[in-house]
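Sequential numbering of the sequence shown, starting at 38, is according to my numbering. Structure record follows, encoded as structure tokens.
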Amino acid sequence: MGDTAARNTSFTASNNLVGSLVEHKPVVIFSRSNCCISHSVKTLIRSFGANPTVYELDELSIGREIERALIQMGCQPSVPAVFIGQQYVGGSSELMSLNLQQTLPTLLIDAGAIWIWNGSN
């Protein structure tokens, strides 16, 4: 029983850490500077005209702590982890699916990351 309480406290702390980093930002990407998949995700988001806040975990002093928090929140793998409108939308597979379904622009507009999208930008 104490073990469960410890895990719940840890999960809450994880939410607080990640939550503080994504708060008030339309698009946040947790990445690694040497990860080609992360690079593809950043390029995709930017292709819509959005300017994501990017946290390169391998370049931050608290990068390992953030990565542990992401894993505790269920982000598997931990990078890239994409938040749009303060909501975790997933990693590269989920983002590519949203793009293929043509729902990614709507999410970006709703989050205030872009103003308009006509499909030919």
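Note that the Cβ used here is the ideal one computed from N, Cα and C, for glycine as well. Bear in mind the structure is a predicted one, so any value in this text is a computation, not a measurement.
Discussion item. Let me confirm a value: L145 is counted as buried when at least 16 other C-beta atoms fall within 10 Å, else exposed. Which label applies?
Written reply: On the sequence shown, position 108 is the one that residue 145 refers to. The residue in question, L145, is buried, as its Cβ has 16 or more Cβ neighbours within 10 Å.
Worksheet item: For R101, is the classification buried or exposed, using 16 other Cβ atoms within 10 angstroms of its Cβ as the cut-off for buried?
Response: Position 64 of the sequence shown, counted from the first residue, corresponds to residue 101. By the 10 Å Cβ count, R101 comes out exposed.
Fill in: Bridge partner(s) assigned by DSSP for V64
The residue you call residue 64 lines up with position 27 of the sequence shown. DSSP, once it has assigned bridges, lists I121 as partnering V64.
Fill in: Buried versus exposed call for I103 [16 or more other C-beta atoms within 10 Å across all chains shown]
Reading the sequence shown from its first residue, position 66 is the one you call residue 103. Answer is buried; the Cβ neighbour count reaches 16.
Worksheet item: Rounded to a whole number of angstroms, what is the C-alpha to C-alpha distance between N53 and T90?
Response: Mapped onto the sequence shown, residue 53 falls at position 16. Mapped onto the sequence shown, residue 90 falls at position 53. Roughly 18 Å between the two C-alpha positions.
Worksheet item: With DSSP run on the structure shown, which of helix, strand or coil describes V116?
Response: Working through the sequence shown from its first residue, we reach residue 116 at position 79. Coil, per DSSP.
Worksheet item: What beta strand (DSSP E) runs, 3 residues minimum, are completely inside the region 69-95?
Response: 90-93
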